[in-house]
Amino acid sequence: MNLPVQTQGLTKRYGGLTAVRDLDLTVRAGEVYGFLGPNGAGKTTTLRMLLGLVRPTSGTVRLLDRTPGAGRLGGVGALIEGPAFYPYLSGRDNLRVLARYAGVGADRVALVLDLVDLTDRAGDRYAGYSLGMKQRLGVAAALLKDPRLLILDEPTNGLDPAGMADMRTLIRRLGAGGCTVLVSSHLLGEVEQVCDRVGVISRGRLIAEGSVAELRGAAGLWVLADPLDEAATRAGELVGPERVRVVDGGLELAVEPERAAWLNAELVGAGVAVRELRPRERDLEQVFFDLIEKGTVDVA
Ligand SMILES: Nc1ncnc2c1ncn2[C@@H]1O[C@H](COP(=O)(O)OP(=O)(O)OP(=O)(O)O)[C@@H](O)[C@H]1O
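Quick note on full-length UniProt numbering: the sequence shown kicks off at 1 and runs consecutively.
Structure representation (structure tokens):
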């Protein structure tokens with residue numbers, strides 16, 4: 001079984017609003033998959049359909065090779081809404097209660113507390129936990145049944161930078177441990193550091209999917225030179241006009257950064273004054289923004 005999550009044509013309509021439209025999503029075994037999109041894009045609705053909490057209007061879901069439904073989520077752990085814990089019980093006792101309900105041995109409690117780095121504070125009352133600790137306890141609860149697939153909906157929402165970093169570390173650790181993780185976020189910077197692949201959803205549609213490097217697209221060179229039109233013409237002759245774009249008063253060249261010294265020498269030799277020439281990495285936030293605004297990614 002190589003695809004722990006597989007949807008086909010998954011669609012959810014609420015009256016006249018299509019929250020999720022014709023979504024084909026695949027998550028591969030052992031990967032950390034980032035499900036990315038702005039608020040209201042349809043992430044939570046999708047995750048709820050995966051878990052059988054919301055009935056799709058049309059389309060199909062396969063989760064660990066089964067159709068989700070009541071009592072059919074063995075092997076899956078999820079943190080969708082903020083988990084409900086007893087405020088006056090300790091983190092450990094909260095997990096003990098859940099473990100008993102789930103028919104899980106008490107030994108798992110210590111293990112999952114350790115996994116989420118809460119052992120030191122496990123005896124403290126839940127009410128006194130920081131938001132980050134509460135989220136990590138939520139992940140611990142989702143891990144109680146030793147799932148093969150973990151689904152986390154915006155686990156870093158509302159966390160401070162330290163809390164976000166802790167959550168990233170945790171997700172990375174879980175992924176490295178062989179668990180398949182599907183994690184949603186509206187922050188590209190959050191998922192790019194932990195995810196093997198990313199799917200971008202906008203207005204209910206999956207508009208891009210791939211590794212972060214694929215989404216970012218090819219690297220290139222950025223050149224500031226005078227006169228600019230002369231520089232553009234000469235650069236076009238050197239590398240091909242289709243690889244040259246005039247943007248914001250400079251040139252974007254879709255060529256390998258290793259050609260910088262050669263290009264510089266050629267441009268200067270042609271009488272062009274080169275003020276700046278540096279490798280250009282596409283700004284991921286800009287890629288994300290372009291994707292969401294235009295529904296396309298312009299890969300150089
Ligand atoms: N039960 C519901 N009834 C009607 N509309 C809903 C319902 N649940 C979600 N929606 C709408 O569906 C769209 C997608 O919402 P969803 O919560 O899935 O997005 P999201 O990407 O998870 O965003 P957020 O990060 O803000 O939760 C939104 O326009 C939302 O208002």
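Cβ atoms here follow ideal geometry from the backbone N, Cα and C, with glycine treated the same way.
- So which residues touch the region around ligand 2, with touch meaning a C-beta under 5 Å from any heavy atom? Ligand 2 is absent from the structure shown, which contains only ligand 1.
- Item | Segment contact flag, the stretch 222-237 with the stretch 198-207, C-beta cutoff 8 Å, min 3 pairs | Because the criterion of three Cβ pairs below 8 Å is not met, the stretch 222-237 and the stretch 198-207 do not touch.
- Item | Residue burial classification, Arg48 (beta-carbon count within 10 angstroms, cutoff 16) | The residue in question, Arg48, is buried, as its Cβ has 16 or more Cβ neighbours within 10 Å.
- Message: Would Tyr129 and Leu89 qualify as a contact pair, given that the criterion is a beta-carbon distance under 8 Å?
- Response: Against a cut-off of 8 Å, the Cβ pair of Leu89 and Tyr129 comes out as no contact.
- Query: Apart from the five residues just before and just after Pro4, which ones in its own chain have a Cβ nearer than 6 Å to its Cβ?
  - Reply: Val27, Ala29, Leu64, Leu149, Thr180, listed in sequence order.
- Would you say Gly34 and Val198 are within 8 Å of each other, going by their C-beta atoms? Yes, these two residues count as a Cβ contact at 8 Å.
- Query: If you run the structure through DSSP and keep just helix, strand and coil, what is Pro279?
  - Reply: The answer is strand: DSSP assigns Pro279 an E or B state.
- Does the beta-carbon of Thr67 have 16 or more other beta-carbons within 10 angstroms, so that it is buried, or is it exposed? With fewer than 16 other Cβ atoms within 10 Å, it is exposed.
- Message: Determine whether the beta carbon atoms of Thr18 and Thr11 lie at a separation below 8 Å.
- Response: Less than 8 Å separates the beta-carbon of Thr18 from that of Thr11.
- Item | DSSP-derived helix/strand/coil call for Glu266 | Note: Glu266 maps to helix in three-state DSSP.
- Could you round the C-beta distance between Gly9 and Ser58 to whole angstroms and report it? I think they count as a contact, below 8 Å. Yes, Gly9 and Ser58 are in contact; Cβ-Cβ is about 6 Å, under 8 Å.
- How would you write the range of the beta strand (DSSP E) that Asp226 sits in, first residue to last? Counting along the chain, the beta strand (DSSP E) containing Asp226 begins and ends at 220-226.
- Does the stretch 104-113 come close enough to the stretch 167-180 that 3 or more CB-CB pairs lie under 8 Å? Counting C-beta pairs closer than 8 Å gives fewer than three between the stretch 167-180 and the stretch 104-113, which falls short of the contact rule.
- Task: Would you give the residue range spanned by the alpha helix (DSSP H) that Ile171 belongs to?
- Result: Per DSSP, Ile171 belongs to the alpha helix (DSSP H) from 161-176.
- Query: So, using beta-carbon positions, are Asp153 and Leu79 closer together than 8 Å?
  - Reply: Result yes, Cβ atoms of Asp153 and Leu79 sit closer than 8 Å.
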